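Chains as they are written, first to last, in my numbering: chain A, 6 to 199; chain B, 6 to 199.
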């Protein structure tokens with residue numbers, strides 16, 4: 006998606022080998038016009054999959070999920086909550102998510118009644134690296150008998166295995182920008198991602 | 006605001022004396038159509054105050070901030086991050102926020118460059134009870150030399166002092182619904198809040 010690619014190339018900062026810093030327009034300060042353009046790009050990609058619900062994880066996925074939901078005709082958004090602990094509560098469905106960045110295991114959880122069996126779920130998130138967060142959300146859907154009809158990502162780290170694994174598993178995945186590598190602080194994007 | 010009041014009256018649940026549970030349409034599952042109506046209601050109220058930035062706190066304020074920002078012509082959103090600890094980093098501005106619900110003190114923080122001096126800031130949040138979160142955000146703005154031109158709230162607990170204190174301080178406050186009391190699990194709204 007051109008406008009996101011341009012924002013990453015002109016404003017984004019690469020740190021070390023694998024950190025893509027885009028908090029100036031995506032996940033701390035939000036460029037609202039860009040956000041809604043991203044929502045329309047996901048809607049264009051996933052409309053034919055007829056999602057009736059968008060699932061994301063707090064906090065930085067929420068803005069993107071809302072923009073996509075609006076572009077898809079104001080379908081509901083549900084955001085999973087993060088927690089360091091497993092909570093004993095039979096009304097909740099939970100899944101573990103390991104963070105390679107923070108070297109910690111978290112759990113994500115959702116009130117079961119907001120992810121009904123038979124839902125057609127579009128997962129939206131800001132980053133895809135190892136795919137742990139997406140796998141956690143897919144596990145929540147599987148436990149609830151909901152169907153994942155697609156996965157929409159803002160920035161995929163193409164040098165990490167999450168995207169490849171999802172595509173090989175036959176998941177309909179759309180990353181609006183794919184980072185090929187980080188070279189001396191410069192973020193190099195893959196050409197084929199618009 | 007009628008549609009929010011109706012959602013609270015028909016779907017919201019009152020717990021005990023002071024808990025207003027609206028996670029079925031506002032802060033866990035999001036009714037996207039209602040969310041964007043709320044955004045337009047805030048935009049209508051605050052357009053003449055010419056905000057050039059919306060400030061909120063993660064996680065549940067983000068969706069509302071994005072809807073208001075869109076209705077105000079896609080102005081940027083900045084969300085403060087929560088943390089249990091004060092971080093030593095001169096690029097960050099921080100403020101304490103005491104949570105009466107959780108009986109804990111948290112800090113909220115923001116990268117200084119995303120809240121520039123002279124900004125005209127509209128604060129948006131889901132709840133207003135004691136006003137601790139709003140005061141924390143006002144403190145961030147004051148430290149940065151940014152001007153708070155208004156405060157937009159989804160659900161104000163009218164039986165707690167936050168709203169009264171802000172109005173007495175001359176802050177332009179708009180709560181889209183004001184809860185008068187909770188009686189036997191029923192949420193009673195104040196009439197004058199549309």
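Ideal Cβ positions, reconstructed from N, Cα and C, are used throughout, including at glycine. These numbers were taken from a predicted model, which means no experiment stands behind them.
Inset, instruction - Go ahead and label residue 118 of chain B buried or exposed: buried means 16 or more other beta carbons lie within 10 angstroms of its beta carbon, across all protein chains shown. - result: exposed
Legend entry - Closer than 8 Å at the beta carbon, the chain A residues around residue 38 of chain B: 79
Inset, instruction - Can you tell me which of A/85, A/109, A/50 puts its alpha carbon nearest to the alpha carbon of residue 142 of chain A? - result: A/85
Legend entry - CA nearest to the CA of residue 131 of chain B, picked from B/53, B/103, B/62: B/62
Legend entry - Outcome for residue 111 of chain B when other beta-carbon atoms lying within 10 angstroms are tallied against a minimum of 16: buried
Inset, instruction - Report yes if the CB atom of residue 48 of chain A is closer than 7 Å to the CB atom of residue 76 of chain A, and no otherwise. - result: yes
Legend entry - Whole-Å CB distance - residue 155 of chain B paired with residue 54 of chain B, under 8 Å assumed: 5 Å
Legend entry - Cross-chain neighbours of residue 74 of chain B in chain A, by beta carbon under 7 Å: 37
Legend entry - With 16 other Cβ atoms within 10 Å as the buried cut-off, status of residue 56 of chain A: buried
Legend entry - Residue environment, residue 33 of chain A, which counts as buried when at least 16 other CB atoms sit within 10 Å: buried
Inset, instruction - Report the residue from A/114, A/190, A/65, A/81 whose alpha carbon sits nearest the alpha carbon of residue 90 of chain A. - result: A/114
Legend entry - Every unbroken beta strand (DSSP E) inside the region 71-106 of chain A [3 residues or more]: 82-88, 97-104
Inset, instruction - Could you tell me whether any Cβ in chain A is nearer than 7 Å to the Cβ of residue 98 of chain B? - result: no
Inset, instruction - Determine, using beta carbons only, whether residue 125 of chain B comes closer than 7 Å to chain A. - result: no
Legend entry - chain A residues whose Cβ lies nearer than 8 Å to that of residue 33 of chain B: 83, 84, 86, 115, 116, 119
Inset, instruction - Scan the region 41-66 of chain A for residues whose Cβ lies nearer than 7 Å to a Cβ of chain B and list them as they occur along the chain. - result: 41, 63, 64
Inset, instruction - Would you be able to state if there are at least three C-beta pairs under 8 Å between the region 154-169 of chain A and the region 6-19 of chain B? - result: no
Legend entry - Cβ contact (3+ pairs, closer than 8 Å) linking the region 94-104 of chain A and the region 93-102 of chain B: no
Legend entry - Residue environment, residue 138 of chain B, which counts as buried when at least 16 other CB atoms sit within 10 Å: buried
Inset, instruction - For residue 122 of chain B, I'd like the list of residues in its chain whose CB is within less than 7 Å of its CB, leaving aside the five on either flank, ordered along the chain. - result: 149, 150, 151
Inset, instruction - Show which residues of chain B have a CB atom less than 8 Å away from the CB atom of residue 131 of chain A. - result: Here the premise fails: no neighbours, minimum Cβ distance about 12 Å.
Inset, instruction - Count the other CB atoms, across all protein chains shown, that sit within 10 Å of the CB of residue 81 of chain B; report buried if there are 16 or more and exposed otherwise. - result: buried
Inset, instruction - Can you tell me which of the three DSSP states residue 52 of chain B falls into? - result: helix
Legend entry - Residue span of the beta strand (DSSP E) that contains residue 27 of chain B, given as start and end: It is not in any beta strand (DSSP E) - residue 27 of chain B carries neither H nor E in the DSSP assignment.
Legend entry - Touching by the beta-carbon criterion (3+ pairs, under 8 Å), the region 174-190 of chain B and the region 9-27 of chain B: yes
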